[in-house]
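Numbering (this note's numbering), first residue to last: 727 to 972.
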């Protein structure tokens, strides 16, 4: 993730919808799990580069609440891949001072996966340089419902005197907590939707869609997304400051 070709206007927080593993495998007459396995290897390439990148936060949509509807053998294989990834790459995270965070409902995940998540989070908890967040059993609508329940509970027990009136007051009730909102959301493999991913946090994020399936998405493709972001003007509802307003 060399910064040589990336302009100074670099996003602090990039979120990625890693799509296309199954289609990549099917095109090669391989089982779907082989696409997921290749996709996991691709995550390592990003992590290797993250330590020298101006991007501080990287959030990966790894497993959605809807993914439980897939065949059981595929779900089991995905959980095993996740566990092996955590075992294998925890040293990489520690070496590169990358903190691991999790968003989503971890209670539904297998116990052995939760144990590995807890271990890696403990080992990386003190790192502040870069943050890798895995969205696991995550869905933005579920996140909003959970936030609403937490607010109602705090109002009921008196720890909150009135409902949140601003985004900054509401934000801590989301899974993302104090994490900054994503500046750039990337989706691979040619789909043009965000699929229940960071719907509130990504309200003003720049979106970048590419046809490359996730197993083939390289650091060069990532840099192309950063370069696209650097050429955009983020107005947040304000009037354009560019010479020619469109």
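C-beta: ideal position from N, C-alpha, C; glycine also.
Check: Let me check one thing: in DSSP terms, what residues is residue 784 bridge-paired to?; Outcome: 740 and 858
Check: Tell me the rounded alpha-carbon separation between residue 797 and residue 886.; Outcome: 43 Å
Check: Tell me the rounded alpha-carbon separation between residue 970 and residue 853.; Outcome: Low confidence applies here, because residue 970 scores a pLDDT of 48, under 50, leaving its location unreliable and the question unanswered by this model.
Check: According to the neighbour-count rule (16 or more other Cβ atoms, all chains shown, within 10 Å of its Cβ), is residue 795 buried or exposed?; Outcome: exposed
Check: Count the other C-beta atoms from every protein chain shown that fall within 10 angstroms of the C-beta of residue 747, then say buried if there are 16 or more, exposed otherwise.; Outcome: buried
Check: Taking just the CA atoms, how far does residue 800 sit from residue 729?; Outcome: Its pLDDT being 40, under 50, residue 729 is placed unreliably in this model, and the coordinates cannot settle the point.
Check: In three-state terms, what does DSSP make of residue 823?; Outcome: coil
Check: Run the proximity test for residue 836: is its beta-carbon closer than 7 Å to any non-hydrogen atom belonging to the ligand ATP?; Outcome: Among the components modelled here there is no ligand, and therefore nothing to report on the ligand ATP.
Check: Go ahead and pull the three-state DSSP assignment for residue 790.; Outcome: strand
Check: Whose C-alpha, out of 810, 820 and 779, is nearest the C-alpha of residue 851?; Outcome: 820
Check: Using DSSP's beta-bridge definition, name the partner residues of residue 828.; Outcome: 860
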